[in-house]
Amino acid sequence: MVVRKRQEAIVPANAGDMRGQLEECVSVLGEKLNGKTAVRVSVFVNAVENESYAIAKKMVMERLTEFFGDKMPAIGVIAQPPLGVEVALELAYVEESDAKAQYKKADGVPYVVLDCGGRKELHASGMAEADLSKPMLELSRKAFVQATAVLNAEGLDFSDVVRQWNYIERITDMQEDIQHYQLYNEVRNEFYGATEWKAGFPAATGIGMSAGGVIIDLVAVSGDVRIVPIDNPDQIDAHRYGQKVLVGNNLSHGSEKTAPQFERAKYQGNGVAGDLFISGTASIKGELTIAIDDAAEQTRVTAKNIDTLISGDNLRPRELPATDDLRPDYIRVYVKRHDDFDAIRQVCEETYSEAQALYVIADVCRDNLLVEIEGYTFAR
1 MVVRKRQEAI VPANAGDMRG QLEECVSVLG EKLNGKTAVR VSVFVNAVEN ESYAIAKKMV
61 MERLTEFFGD KMPAIGVIAQ PPLGVEVALE LAYVEESDAK AQYKKADGVP YVVLDCGGRK
121 ELHASGMAEA DLSKPMLELS RKAFVQATAV LNAEGLDFSD VVRQWNYIER ITDMQEDIQH
181 YQLYNEVRNE FYGATEWKAG FPAATGIGMS AGGVIIDLVA VSGDVRIVPI DNPDQIDAHR
241 YGQKVLVGNN LSHGSEKTAP QFERAKYQGN GVAGDLFISG TASIKGELTI AIDDAAEQTR
301 VTAKNIDTLI SGDNLRPREL PATDDLRPDY IRVYVKRHDD FDAIRQVCEE TYSEAQALYV
361 IADVCRDNLL VEIEGYTFAR
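Mapping the sequence shown onto full-length UniProt numbering, position 351 (from 1) lands on 351, and the numbers just tick up by one.
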């Protein structure tokens, strides 16, 4: 059985401090969840260093624990300031009648398992090291250790992951001669290396945040399901990037650096209908950045990349459900510089006028990239 997920942004309408805006978001959350099952809530907070992040995370987790009780969905708290407010929520949910939900915990991480009639779907968020004073290498490994524990608790491994979010504090900063993102990629390869990737890597986003160490969120599936990786004819697969576009050194200071291991998009469904997860996408053609220093043009190039990726011409050869006007139902837009927000939003609203959207401030994985867009749609 294919169960449609829906995503919505909850952004407070009123000015105020973070606590007051969080309360407004939770009130809206209660209204939206009537007859629905929350599977994931991503909370974006205006925190620029680890002390304020820890305070914000504690506030959020206490309030959402009070709200959800023993039916706690996957919860992630991300230090990516939402545009114009102190806190915003992104809700992923299903209709209560569509799937039976089980609420579980492994290695201290709450997660949700959906029974979709012959298919199991796992949603987990917030996998991270609690001690944010530790070095980036330990922060990265702990996030993967927790992700492994959650997957193994359900008899799964990383090859079952169809969507992964990789949040990395100050992603382009250097630790001596190793970039934070490159260090993370090396650790990811350590954990991915033990897995047989029969259906390609997950769709994924690798994105910066101002605090919080390293956080992993994921969606994994097993059972009666068709899983198909989707590439973009206008872009080199990220996992095939050459050494010239990978910054700094690697852990061994000698051998080749590991490229980011993800697919441009991933489909999971029954071949007639299903989820289409669109990875974090930017203004890249081949493997090179396009329209440097022009945020509006980078947004247009990014949108064109997404349109090509989910076009009928790209999906039909893979025997996937396709139309000539398929667009994302939901987009999350990462804006590097606050001053570029209006230009980026204008292009997004013109291009994806019917999509729900959430805009946050975040450092993108290359110094010359000003915007990144990820998305979700239900293909049928």
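Note that the Cβ used here is the ideal one computed from N, Cα and C, for glycine as well.
Would DSSP call residue i helix, strand or coil?
{"i": "F158", "result": "helix"}
{"i": "N314", "result": "helix"}
{"i": "L83", "result": "coil"}
{"i": "T289", "result": "strand"}
{"i": "M72", "result": "coil"}
{"i": "S255", "result": "coil"}
{"i": "L139", "result": "helix"}
{"i": "A296", "result": "helix"}
{"i": "E319", "result": "coil"}
{"i": "N305", "result": "helix"}
{"i": "S97", "result": "coil"}
{"i": "A238", "result": "helix"}
{"i": "A357", "result": "strand"}
{"i": "N232", "result": "coil"}
{"i": "M127", "result": "strand"}
{"i": "S166", "result": "According to the sequence shown, residue 166 is Asn rather than Ser. If DSSP states are grouped into helix, strand and coil, N166 belongs with the strands."}
{"i": "V11", "result": "coil"}
{"i": "A149", "result": "helix"}
{"i": "E196", "result": "coil"}
Under 8 Å between C-beta atoms, does residue i make it to chain C?
{"i": "T308", "result": "Absence of chain C from the displayed structure is noted, only one protein chain being present."}
Can you tell me the Cα-Cα spacing of residue i and residue j, whole angstroms?
{"i": "R163", "j": "N189", "result": "16 Å"}
{"i": "L132", "j": "G20", "result": "27 Å"}
{"i": "Q7", "j": "D98", "result": "16 Å"}
{"i": "C348", "j": "I331", "result": "9 Å"}
{"i": "R337", "j": "N46", "result": "15 Å"}
{"i": "L320", "j": "Q235", "result": "20 Å"}
{"i": "G274", "j": "P12", "result": "31 Å"}
{"i": "A194", "j": "S255", "result": "19 Å"}
{"i": "V28", "j": "E196", "result": "42 Å"}
{"i": "E287", "j": "F68", "result": "43 Å"}
{"i": "V43", "j": "D339", "result": "23 Å"}
{"i": "L326", "j": "M136", "result": "39 Å"}
{"i": "T208", "j": "I168", "result": "With the sequence shown as reference, residue 208 is identified as Gly, and Thr is not the correct amino acid for it. If I take the Cα positions, the gap works out to 5 Å."}
{"i": "K134", "j": "H180", "result": "13 Å"}
{"i": "G155", "j": "K105", "result": "14 Å"}
{"i": "V360", "j": "P82", "result": "4 Å"}
{"i": "L33", "j": "E23", "result": "15 Å"}
{"i": "Y280", "j": "Q146", "result": "The amino acid occupying residue 280 in the given sequence is Gly; Tyr does not appear at that position. Taking the straight line from one Cα to the other gives about 23 Å."}
{"i": "C365", "j": "R170", "result": "9 Å"}
{"i": "I310", "j": "A355", "result": "15 Å"}
{"i": "G269", "j": "C25", "result": "31 Å"}
{"i": "T308", "j": "V301", "result": "11 Å"}
{"i": "K5", "j": "E374", "result": "16 Å"}
{"i": "D173", "j": "D363", "result": "10 Å"}
Excluding the 5 residues flanking residue i on each side, which residues of the same chain have their C-beta closer than 7 Å to its C-beta?
{"i": "A357", "result": "A9, I331, V333 and C348"}
{"i": "F277", "result": "V162, R163, A203, A265, K266 and Y376"}
{"i": "K71", "result": "Y103"}
{"i": "G223", "result": "G118, R119 and K120"}
What does a CB cutoff of less than 8 Å around residue i pick up in its chain, not counting 5 residues either side in sequence?
{"i": "K198", "result": "S159"}
{"i": "F341", "result": "L83, V335 and Y359"}
{"i": "G271", "result": "R226, E319, L320 and P321"}
My guess is that residue i and residue j are in contact by the Cβ rule of under 8 Å, so how many angstroms apart are they, rounded?
{"i": "E121", "j": "V2", "result": "Their Cβ separation, rounded to whole angstroms, is 10 Å, which puts E121 and V2 out of contact at 8 Å."}
{"i": "A296", "j": "E372", "result": "That pair is no contact at about 15 Å."}
{"i": "T37", "j": "Y93", "result": "6 Å"}
{"i": "N305", "j": "N249", "result": "Actually they are not in contact, since the Cβ atoms of N305 and N249 sit about 29 Å apart, beyond 8 Å."}
{"i": "Q182", "j": "V245", "result": "Between V245 and Q182 the Cβ distance is about 11 Å, and since that is not below 8 Å, they are no contact."}
{"i": "N166", "j": "I216", "result": "6 Å"}
{"i": "R318", "j": "V228", "result": "5 Å"}
{"i": "V41", "j": "L89", "result": "6 Å"}
Whose C-beta lies closer than 6 Å to the C-beta of residue i among residues of the same chain, with five residues either side of it excluded?
{"i": "N185", "result": "T258 and P260"}
{"i": "L251", "result": "E186"}
{"i": "E129", "result": "L139, K142 and G213"}
{"i": "T299", "result": "I344, V347 and V371"}
{"i": "V60", "result": "V43 and V77"}
{"i": "E49", "result": "A211"}
{"i": "M127", "result": "V109, A143, Q146, A147 and I216"}
So residue i is in the alpha helix (DSSP H); what residue range does that whole segment cover?
{"i": "H180", "result": "H180 to Y192"}
{"i": "G30", "result": "M18 to K32"}
{"i": "E349", "result": "F341 to T351"}
Specify, as a first and last residue, the run of the beta strand (DSSP E) that residue i falls within.
{"i": "A203", "result": "A203 to M209"}
{"i": "H338", "result": "Where H338 is concerned, there is no enclosing beta strand (DSSP E), given that its DSSP letter is neither H nor E."}
{"i": "F44", "result": "K36 to V45"}
{"i": "T281", "result": "G274 to T281"}
{"i": "D217", "result": "V214 to G223"}
{"i": "V245", "result": "Taken as a continuous stretch (DSSP letters only), V245 belongs to no beta strand (DSSP E), as it is neither H nor E."}
{"i": "F378", "result": "V371 to A379"}
{"i": "L326", "result": "Looking at the DSSP string, L326 is not in any beta strand (DSSP E), and its letter there is neither H nor E."}
{"i": "K134", "result": "K134 -> no beta strand (DSSP E), and no H or E assigned at all."}
{"i": "Q261", "result": "Run containing Q261: none; DSSP gives neither H nor E here."}
{"i": "D115", "result": "V109 to D115"}
Within 7 Å: the Cβ of residue i and any heavy atom of the ligand COA?
{"i": "Y167", "result": "Of the ligands one can find in the structure shown there are none, so the ligand COA has no counterpart to examine."}
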